[in-house]
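Please read the structure below before turning to the comments.
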Amino acid sequence: MNINAKKILIPACLVVAVVLFPRVVASSYWLNLINLAISFSIAAIGLNIVLGYAGQLSLAQAAFWGIGAYTSALLTTQLGVPVWGGMFAAFFMSALFGVLLGIPTLKLSGHYLAMATIGFGIILQLVLVNAIWLTNGSDGITKIPSPWIGSLELDDPGDFFYVAAVALILFTWGAINLKNSRVGRAFMAIRENEMAAETTGVDTTFYKIMAFALSAGYAGFGGWMFAHSCSHYISPDTFSFDQSVMILVMAVLGGNGSAIGSIVGSVLLTLLPEVLRFLKNYYMMVYAAGIVLIMIYMPSGIAGLVRHMRVSTRLRTWWNSDSTAARQVAASSSGGEVVSVEAIAVTEGSGAGEVLLTVKGLAKQFGGLKAVDGVDMVVRRGEIQALIGPNGSGKTTTLNMLSGLYIPTGGEISLEGAAIAGRKPHVITSLGIARTFQNIRLFGELTVLDNVLIGQQCHSKSGLISSIFHPPWQRAEESAMRAKAIGMLAFVGLKGKEFAQSNSLPYGQQRLLEMARALVSDPKLLLLDEPAAGLNAAETETLVDLLFQISKRGITILLVEHDMNLVMNVSDHITVLNFGRKIAEGTAEEIEKNQEVIDAYLGTEVGNA
Amino acid sequence: MLKVDGIESWYGAIQALKGVTLDVKEGEIVALLGANGAGKSTTIKTITGLVKAKKGRIEFLGQDITDMETEDIAELGIAYVPEGRRIFAGLSVMDNLMLGATPRKRVSQADIQKDLDRVLTIFPVLAEFRARLGWQLSGGQQQMLAIGRGLMSAAKLLIMDEPSLGLAPILIQEVFKVIKEINKAGTTILLVEQNARMALLIANRGYVLETGRVMLSDTAANLLASEEMKEHYLGTHANVKEARQRRRDERAGG
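Going down the list, the protein sequences come from chains A and B. Read in order, the letters of the first sequence correspond to residues 6 to 614 in my numbering. Read in order, the letters of the second sequence correspond to residues 1126 to 1379 in my numbering.
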């Protein structure tokens, strides 16, 4: 019943609703408004991809909307290109401009990024007004044709509505699909924590540009719809900064990150002024006050409000209860231990004891401060090595260089003989170094399972197209990734937490989750930055067992830690830093007796620490 | 001095405290221990007014502070050194310290200068780096600054949340030494710690929380000796040593 309901009942309802709608709402005036609202909806869903999914604020959505409208209008009126051809051109031209805007703004974030996008929008409007030879200036473009199907011209708003509705359904479906895919998760990882995304294997540069392009493409398509329906006339003043703000309000009012919410927001903001027109001079004031009130009382938008309603919780539980992911998790718990053993491949005998990582003369200078000053170090395969030293001695800086977050100012790092110093973090992750952070950096708003799925970014392939359309090979890959993720969660002891929101986990479990996320990328070397910080004695003992389990499966560990009970008991080899230099190295027994280490770091009450 | 009577606190739908009762007498160091999520931080957030108690009563120096605002509680003489050091990263060491004196009303510049001198004597490193910005300090120096800032309010009761977190062993020893000194100089201390052994070594008494309730309370010496404490909170290290031996044997054998 469940499957039937989802696969047949819901699409059937949609079809019936779409077919009947223009018959029920017979007024062309209202149908025109609905078409306009749908055009805005698609632009707002697009904005939600870049803002809601990837967390990048763009205030140029009306500009992309305009690029789409102008591209198709010019092609069809000047060059006689068919309207359907104009549709593709509108999408891709806007997407292209999205890439062009995306590249220079990559270095920016927050309000700087927002300002750059505002600038882009203003420039575009100026070009539309002043490049008269191309755009006909402020007179705009008239007589834009309607699309044709065979010999039927879709000039009646009721007919065009079918095109709009089908497009809206497809674009919404694509945006929702995207959310549960490799690309969509990469977007959300960037939103949640860009640094962690990069070290988890997400090429943040690439995905940010992709999000901008896709978002612009959506807007361009919306623009195409606008140009070829309603008045068949466009002029530059429609594509203003104000309009960008309006689309932003539609997306945020509907609910950040929710495609359906964007539709609700767009329809509401397009129709509300018409409903309020009887207020005459006051209507804009009431309209604005209404928006302010909604934002105050529904900070997470309409979607946020609905999400907390009991009916919607029940509906969602019903919907999710039968999802592929839920079934897979359920199957794994009845299957028992089988998956967890497979989660980490045992790479036994692959040259245990030989050199895995070599660090030579490594240095990092911040202004006048030498944080790391010529450190030499060797990490051997299969060992657990510790890096200890006083606060500020350069341990975390060293880890940051090993994982690519910092570019060394001197020295070499080589993994299995290949130089990796200065390479980007996601490249280093794919080469086999994964890490955790001192102050846990999870993708907090995402589920535990999603966190571990993002950890597999560098060993999975699905691109944008398959992330949107979910073809069989994409579903197979997802299923395999989920199986591995579920196994890994069981391995670290988080079985049964798969669908919990990760920042709702208690502190100790968040540490385990971060470790699972790192392990699932199949690292050769695992870097742990203070894994025992904030754990009590009992939890630390569990951690020790886990470290030994990981090591047993052939993964080399380099850890920074202040808990000497842990360090002295798990480490095969210890390196001690002070003021950015190595002051000692050796086995735990040797380090414990080293007077220089005692003076600088251990203090005299070693036994009590 | 401080009397906490059956407080219950909630985070949304989750009940974090299920009736916590404890008291701190003038001149004491009291340790508040327990596992992650047991309610230690919530307890002190409720005392300082950052979280409101749904039930129960909190009294400080005979005055009911249960429903008071955090800044008013601070004015009464309770200082809070938060977990993870939470210093003002963009401000200088001096600015951070002076901000600590904010709750003191009608106090002469000379008195503040006297307290500042005292803090800088306890933490010479802060005097050395007085012009540096918060984020430029190392973790240990930040912890010193956070404690120093707490002291600047000339509080009667200093509440500290995990002062040893993320510090090198030698610094942990130092921080605990400083806590002891501050206490000797007349400040009462409520200390929340994961590092139960170190905390009990300097404390007079201790409370152990479990899932939002007080499970054990005794003198520090008794708690240190208790088998139950050893097993759950102090750590026997026996399991760790056994695991290490097993690993060594395996590696030697394989």
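Every residue, glycine too, gets a C-beta built ideally from N, C-alpha and C.
Straight through space, the alpha carbons of G437 (chain A) and I588 (chain A) are spaced by roughly 28 Å.
With contacts defined by Cβ atoms closer than 8 Å, T1146 (chain B) and V1303 (chain B) do not form a contacting pair. For Y287 (chain A), there are no C-beta contacts with chain B under 8 Å, since the nearest C-beta of that chain is about 39 Å from it. The segment 378-449 of chain A is shown to contain whole alpha helix (DSSP H) runs of 4 or more residues at 400-407 and 430-436, in chain order.
Residue-level contact by beta carbon fails for G416 (chain A) and chain B, as no gap is shorter than 8 Å. Rounded to the nearest whole angstrom, the C-alpha separation of L531 (chain A) and Q462 (chain A) is 17 Å. Residue pairing by DSSP places V1206 (chain B) opposite B:M1285 in a beta bridge. The alpha-carbon of F504 (chain A) is positioned some 17 Å away from that of E197 (chain A). Within chain B, P1294 and I1295 have C-beta atoms less than 7 Å from the C-beta of L607 (chain A), given in sequence order.
Shortest Cα-Cα distance from Q1140 (chain B) to any of B:R1372, B:W1260 and B:G1162 involves B:G1162.
In the structure shown, V257 (chain A) adopts helical secondary structure according to DSSP, grouped into three states.
Q1298 (chain B) counts as buried, since no fewer than 16 other beta carbons sit within 10 angstroms of its beta carbon. Among the residues facing chain B, P477 (chain A) is not included, as its CB has no counterpart in that chain under 8 Å away. When CB distances to chain A are screened at a threshold of 7 Å, the residues of the segment 1157-1172 of chain B falling below it are A1160, N1161 and G1162, in chain order.
Around the beta carbon of Q83 (chain A), fewer than 16 other beta carbons lie within 10 angstroms, which makes this residue exposed.
If you check the CB distance, E482 (chain A) and S472 (chain A) do not come in under 8 Å. Secondary structure of D144 (chain A) (DSSP, three-state): helix.
For D534 (chain A), no Cβ of chain B is located within less than 8 Å of the residue's own Cβ. Bounds of the alpha helix (DSSP H) holding K1165 (chain B) are K1165 to I1172. Identification of residues in the segment 1234-1266 of chain B having a C-beta nearer than 7 Å to some C-beta of chain A yields S1263, G1264 and G1265, given in sequence order. Within chain B, the residues whose beta carbon sits less than 8 Å from that of E544 (chain A) are A1160 and N1161, listed in sequence order.
If one requires a minimum length of 3 residues, the beta strand (DSSP E) runs lying completely within the segment 1226-1309 of chain B are 1282-1286, in chain order. Secondary structure of S234 (chain A) (DSSP, three-state): coil. Distance between H1357 (chain B) and V1155 (chain B), taken at the CA atoms: about 19 Å. Residue contact check for D242 (chain A) against chain B: no CB pair falls below 8 Å. Not a single C-beta of chain B is nearer than 8 Å to the C-beta of Q600 (chain A). Secondary structure of D577 (chain A) (DSSP, three-state): coil. T204 (chain A) is positioned such that its CB atom lies no closer than 8 Å to that of P395 (chain A). Rounded to the nearest angstrom, the gap between the Cα atoms of T403 (chain A) and A136 (chain A) is 54 Å. Sequence-distant partners of V30 (chain A) (beyond 5 residues in either direction) whose C-beta falls short of 8 Å from its own C-beta, in its chain, are L36 and I39. Contact between I1295 (chain B) and L607 (chain A) holds, with the beta-carbon distance rounding to 6 Å and staying under 8 Å. Comparing alpha carbon positions, the residue from A:S507, A:P511 and A:I127 closest to I72 (chain A) is A:I127. In the three-state DSSP reduction, V525 (chain A) falls in the coil class, being neither helix nor strand. Under the Cβ criterion of 8 Å, N405 (chain A) is not counted among the residues facing chain B.
Interface residue (Cβ-Cβ distance to chain B less than 8 Å): H464 (chain A) is not classified as such.
With fewer than 16 other beta carbons inside 10 angstroms of its own, P304 (chain A) counts as exposed.
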